[in-house]
Amino acid sequence: MGVKDKIKEYWPYLLVLIIVTVVHLFYFFNAEVPAHDLAAVHFPRAEALRISIQEHGDWWPLWYPFGFSGSPFLMKPVPGPDSFLGILLFLMPTVFAVKWTFVLYFLLAGISMFSFMVYLKVDKRFALIAALVYMLNGHMSKIMTWGWMTTVGGYAILPLAFLFGMKTLKEKGWIKNGMITGVILAIFLRFSTDMKVPYWFALLFGLYMVYNLITSPSKQLLKKTVIVAALMFLVFFGLSAHRILPNIDFIKDSSRGDTPWELSSTRQLQYTSMWNRLVEPVYEGMPQVRRVGTGDHLGIIAFIFALAAIFYRIRDKRVLFFTLGALFSLMITSNTFSLYRIFWNILPLFKSLRYMDRSLFLFSFCMSILAGFGAKALYDKIKLPKRPVYIGMVILIVVNLAVFGFSPYTYGREEWSDADKAIEDNHILKELSEKGGLFRIQTLETRGIDWGTDFWNVPFRLEHIYQYDTMWYPPYMNTYLGVSFSDPAKFWGMLNVKYVTSQQQVNMTGFTFKKKFPDCADCFPDTEPWSKAWGPYLFENERFLPRAYIVDDAVLVIGSDDAVLQTIYGMMLSPSFDPKKAVMIKGRQTIDHYSGEELARYAAVVLTPGTIGSDSPPILEAYKAQGGVLMPDILAGQNTMGQEEVNTFFESLNGSFEPIDDADVIMHSFDKREILLKDQKGFMVYSEKFSLFDGWRVKDSSKNDLELLNADGVITGVYVDGQDSVTFSYSPGSYRIGLTITLLTIVLLVLLLIWKWKK
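Take the sequence shown: its letters are residues 297 to 1055, numbered as in the working numbering.
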């Protein structure tokens, strides 16, 4: 069949899918956004990516400056320039790029399911029914409603990934098909960067490989299956290493590194709620057109079709497998026979996943396939005119799921706002963005990862000390910010926080009330948690510290990580500690790791338990003889350090404080910063969290490496002595190794294609 014949044969079905997409997602074609993840997460990340590319020429930013006082960016599982979203950013404004990404994923879900059903040799008419069920079912509406871009992206390409996987196992050109499948899986990961959908796909396809061996046992098939699995994995991993390795590197140190069972096991599917949740929600006042809510239901019509497939076609190996696949999903989500707990205990990276019901997309996938098979079986059984029967089936599916199903719009349309107006009318943040200089902000009502002000921060280029993100760095989020509420002005000041907004007029020690701003009438007025984003009360921090400055005096705290940080925070909580007079430096494990020249830089050395070795006394005696202060002074027989001694020491300091002009702190890109100096000497304190993350390096103007110091628990310090400038750059080893593997894989695949073409 020629290309023209294929187009003629398939275009009516593609047209139906396009019409359904446009009608069902009509309001995705304007600038309005909901007060949820679409606006709260994906819009600011996409806007940050646009800023990095257009303003700094950095196409792959590894660092994100706008939240959490700076944090990893494409080290995390977020969409990059190699995704649908990244491509659309070059074609349209950010808000449309984000919304159109959801639209294209929705359409792609239908196309990929239709293609998969055709590959399974299902009549095109019933492949369309499976595609409609896959697009319109309750689970798809839920992930569209909540704005889970990475989930819907993986969901969209899941049928294509399965298609090429089956093609590799079933057809002769299995080496070529295996490589193509590896490429498809690499694209799969770029659509679903958090690896959630690819992870569950791997489990389901692994079951299919076992099922295929059981139903068609042979040594040749076993050998082929092993080779095919290895080939697909190698191509997939090779093309994805620059995403996978950095993601793993970040996850292991983040809040998701070892998710407790109590959190991972939440949202378990209960047997008693399966009908309402998975088949058809029963509710008062039925029926309601496109009602507000969420669910995972297949719809009663599609469920009947799926039952027909099981009843009439269960001997078909395809039907049997996808029936087992649907049961597998239910067993996982309900933790039947403790299956989810078993996976949680034994599978790598499984503990980074949350919520049992996240795997229900497998149920939707398998049941949509069964609905297509079952519709054909019923069609053959019904002794009525065939055209009306088929048209009736399509109408019933659309009416059941699109008309009387859940709306794909968060909270309904009434809580959507025009993005441009919402940004323009945020008077308080707009004015802050026009002040110039380097500073961060804090929203008084934000105390965790709830909806912050990310939607406004990034377009206004404002940096916040919090961020709406489910992956954070505990030493900063849990420890430093937790301690900061004991003395907000001081601790937020060290984070370069100059302004704080509040919904109420409050009295806060260390903050001066500046102004009350008008409310934002267009900023999601019916969504209470978002109202904190426009104040309207503005306060200025009296203890604000510039982004970078130099102090003469530093306190070196030596010992194990836990002991050192506990000591640092304890000392900084002293009312006598003034960050303008001294900086706390996290030291090495023992005093023996320091030379006398290094120790001479510090006004005091604090020794925690276990830091003294046999060679330590002479080092300490030499340091004390030069005027250094030991706390506790073990040479004088002291074993503990009292609070009065700490207060007295801090009060005795009178070293200089020299701010560095904001114009001399240059952001070449998110991953590269330069600070111009004027031959100063002392400890340069830089209010960035670079010291917490492996991969940040600092060099002077002669390209000599300098020691990157952890300052005041979470920010960064560098000892300078006459340098013209220092430059910080971020390039973690996991990213460099992963990028090398990916580039080598691309070269090998291109060479192989050239060889095949010439042959």
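A virtual CB, placed ideally from N, CA and C, is assigned to each residue, including glycine. A quick note: this is a predicted structure, and the numbers were derived from the prediction, not measured.
- Note the first and the last residue of the continuous alpha helix (DSSP H) segment covering phenylalanine 422. 420-432 is the span of the alpha helix (DSSP H), which, as asked, contains phenylalanine 422.
- Just the C-alpha distance for proline 825 and serine 660, rounded to the nearest angstrom, thanks. About 32 Å.
- Under a three-way DSSP split, which group does histidine 723 fall into? Reduced to three states, the DSSP call for histidine 723 is helix.
- Query: Does the segment 763-780 touch the segment 957-977, meaning 3 or more C-beta pairs lie closer than 8 Å?
  - Reply: Below 8 Å, too few C-beta pairs join the segment 957-977 and the segment 763-780 to call them touching: fewer than three.
- Item | Cα-Cα separation, valine 925 to aspartate 874 | When rounded, the distance between both Cα atoms is 18 Å.
- Message: Measuring only the C-alpha atoms, how far is tyrosine 360 from valine 942?
- Response: Rounded to the nearest angstrom, the two C-alpha atoms are 37 Å apart.
- Item | Run of the alpha helix (DSSP H) containing asparagine 641, from where it starts to where it stops | Going by DSSP, asparagine 641 is part of the alpha helix (DSSP H) stretching over 635-642.
- Task: Express the C-alpha separation of alanine 667 and lysine 828 in angstroms, rounding to a whole number.
- Result: Those two C-alpha atoms are separated by around 46 Å.
- Throw me the rounded Cβ distance for the alanine 602 and methionine 663 pair, which I believe falls under 8 Å. Under the criterion of beta carbons closer than 8 Å, alanine 602 and methionine 663 qualify as touching, at roughly 5 Å.
- Item | Ranges of the alpha helix (DSSP H) found wholly within the segment 474-524, counting only runs of at least 4 | At a cut-off of 4 residues, the continuous stretches assigned as alpha helix (DSSP H) that sit fully inside the segment 474-524 are 492-511.
- Cutoff 6 Å; reference alanine 918; Cβ partners in own chain excluding five residues on either side: Non-local beta-carbon contacts of alanine 918 in its own chain, meaning distances under 6 Å to residues more than five positions away in sequence, involve Gly892 in chain order.
- Item | Residue range of the unbroken beta strand (DSSP E) whose run includes tyrosine 451 | Premise fails: tyrosine 451 lies in the alpha helix (DSSP H), 445-466, not in any beta strand (DSSP E).
- Note down the Cα distance separating lysine 1054 from aspartate 378, rounded to an integer number of angstroms. Distance between the alpha carbons of lysine 1054 and aspartate 378 is about 29 Å.
- Item | Bridge partner(s) assigned by DSSP for threonine 1057 | Since the first and last residues shown for the chain are 297 and 1055, residue 1057 lies out of range.
- C-alpha distance - isoleucine 1037 paired with leucine 535, whole-angstrom precision: Each residue's Cα considered, the two are about 8 Å apart.
- Message: By the three-class DSSP mapping on this structure, what secondary structure does lysine 877 have?
- Response: Looking at lysine 877 - three-state DSSP - the assignment turns out to be coil, as it is neither helix nor strand.
- Item | Top-ranked residue by Cα proximity to tryptophan 355, from Asn1000, Lys985, Phe966 and Phe840 | Nearest C-alpha to tryptophan 355: Phe966.
- Message: Can you look up proline 357 in the DSSP assignment and give me helix, strand or coil?
- Response: Reduced to three states, the DSSP call for proline 357 is coil.
- Query: Taking DSSP as the reference, what is the three-state secondary structure of phenylalanine 325?
  - Reply: Residue state, collapsed to three classes: helix.
- Task: Return helix, strand or coil for leucine 926, following the three-state DSSP convention.
- Result: Secondary structure at leucine 926: strand, using DSSP grouped into helix, strand and coil.
- Task: Give a yes or no on whether the C-beta atoms belonging to phenylalanine 324 and lysine 438 are separated by under 8 Å.
- Result: If you check the CB distance, phenylalanine 324 and lysine 438 do not come in under 8 Å.
- What residues match up with valine 1014 in a beta bridge as DSSP calls it? In the DSSP assignment, valine 1014 is bridged to Met980.
- Item | With 16 other Cβ atoms within 10 Å as the buried cut-off, status of phenylalanine 533 | With 16 or more other Cβ atoms within 10 Å, it is buried.
- Item | aspartate 849 - DSSP class collapsed to helix/strand/coil | Secondary structure of aspartate 849 (DSSP, three-state): strand.
- Query: How long is the line joining the alpha carbons of methionine 652 and asparagine 792, rounded to whole angstroms?
  - Reply: Approximately 40 Å between the Cα atoms of the pair.
- With a cut-off of 8 Å, do at least 3 Cβ pairs link the segment 587-596 to the segment 619-628? Counting Cβ pairs under 8 Å, fewer than three are found: no touch.
- Query: Hey, valine 418 and leucine 594: beta-carbon distance below 8 Å or not?
  - Reply: No.
- Along the beta strand (DSSP E) that carries serine 798, what are the first and last residues, could you check? Note, serine 798: beta strand (DSSP E), 793-798.
- Message: If contacts are defined as beta-carbon pairs under 8 Å, then valine 994 and valine 1022 qualify, I think. What distance do you get, rounded to the angstrom?
- Response: At roughly 6 Å, the Cβ-Cβ gap stays under 8 Å, so valine 994 and valine 1022 are in contact.
- Out of Pro455, Trp307, Arg486 and Met436, state which residue places its alpha-carbon closest to the alpha-carbon of leucine 243. Shown here, the chain extends from 297 to 1055; a query on residue 243 therefore has no answer.
- Candidates Leu385, Ser348, Val316 and Gly363, of which the one nearest valine 337 by Cα: Minimum Cα distance to valine 337 is reached at Gly363.
- Task: Pull up the CB-CB distance for phenylalanine 398 and methionine 440, whole angstroms please, since I reckon it's below 8 Å.
- Result: Indeed they touch by this definition, with Cβ atoms about 6 Å apart.
- Query: Whose C-alpha, out of Tyr309, Trp307 and Ala335, is nearest the C-alpha of aspartate 714?
  - Reply: Measuring from the Cα of aspartate 714, the nearest candidate turns out to be Ala335.
- Where tyrosine 567 falls, given that 16 or more other Cβ within 10 Å makes a residue buried: By the 16-neighbour rule on beta-carbons within 10 angstroms, tyrosine 567 is exposed.
- Taking three-plus beta-carbon pairs below 8 Å as touching, is the segment 874-888 in contact with the segment 849-865? Taking 8 Å as the limit for Cβ pairs, the verdict is that the segment 849-865 does touch the segment 874-888.
- Task: Quick one: grab the DSSP three-state call for asparagine 1006.
- Result: Strand, per DSSP.
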